[in-house]
Structure formats: C-alpha cells, structure tokens
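First residue of the sequence shown? That's 28 in the numbering used here, and the numbers climb one at a time after it.
A virtual CB, placed ideally from N, CA and C, is assigned to each residue, including glycine.
Notes for the one structure printed next.
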Amino acid sequence: MSLFPYFLFAEGDTVSGAGLLLYCLIVVGLTDNVLRFTLLKKLEDIHPLNTVFGIIMGMNLFGFMGLVFGPILVSMTVLLIQIYHDEFSGDDEDSNNLILPKSHQETEQKIDLNI
C-alpha cells in the first residue's frame, strides 16, 4: 500500500485521501490477499495454508526473499513427500494393474525394443 493517502490526509485533502485509502485497501488488498490464494488453489491445486505457511516460514528464514522462496519451498516439499509416498507406500498391486491406452502401449514396445 502506498503512503500517498496519508500524505493527502496531512495536506488537508481528506476526501481524496479517504477515497484513495479505500481503493488501496479494497482493490489492492483483495487482489493480494484473496485472489492470490484462490488462483493458486484453482490453477496449481495448492492449498492456501501451504502458501501462508510458506510466506511465514520464508520470511523467518530468508527475510524479504522468503516472500517468493518460502511458498515455493513448501510446495516442493509437499510434492517430494507425495512422490516418496507414491513410490514407497507398498501398494504395488495397483501400479502393476495399470492399463495403458493403445498408443502408449505401442510406444512402450518401441522403447523396449530399442533397449
């Protein structure tokens, strides 16, 4: 948020200062605090708490750069945990019974022949 609304208040232009302050709080605050989380949830299927946790922990660990790197590191950690669980969970019965579409089966046979 900008300091300009406070400057307008200090200069005595309270109507413009109040209008600009409301604009900053509603439009900019809504975009930054609400739409970011909903877009991340819909586009990347990242839970909003992961983002909040990443920002808080990133700021504590990395300072200002943690705003960017914190959520990325939390998302990568969650992804690595999911991959580890999928690979080493012991549910091999499901992975052996996968049926590939015909085009994938032909590609798999070509790969097997090349090896």
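task: Please classify I108: is it buried, with 16 or more other beta-carbons within 10 angstroms of its beta-carbon, or exposed?
output: For the purposes of this step, residue 108 is identified with residue 81 of the sequence shown, where counting begins at 1. I108 comes out exposed.
query: For the region 31-82, which segments carrying the alpha helix (DSSP H) assignment without a break, of at least 4 residues, lie completely within its bounds, in sequence order?
result: 31-38, 41-50 and 63-71
Burial state of I110, where buried means 16 or more other Cβ atoms lie within 10 Å: Counting from one through the sequence shown, the residue named residue 110 turns up at place 83. So I110 counts as exposed.
message: According to DSSP, simplified to helix, strand and coil, what is G85?
response: Residue 85 sits at position 58 when you count from the first residue of the sequence shown. G85: helix per DSSP, three-state reduction.
Option in I83, N87, V105 and L49 with minimal Cα separation from H74: The residue labelled residue 74 in the question sits at position 47 within the sequence shown. Nearest C-alpha to H74: V105.
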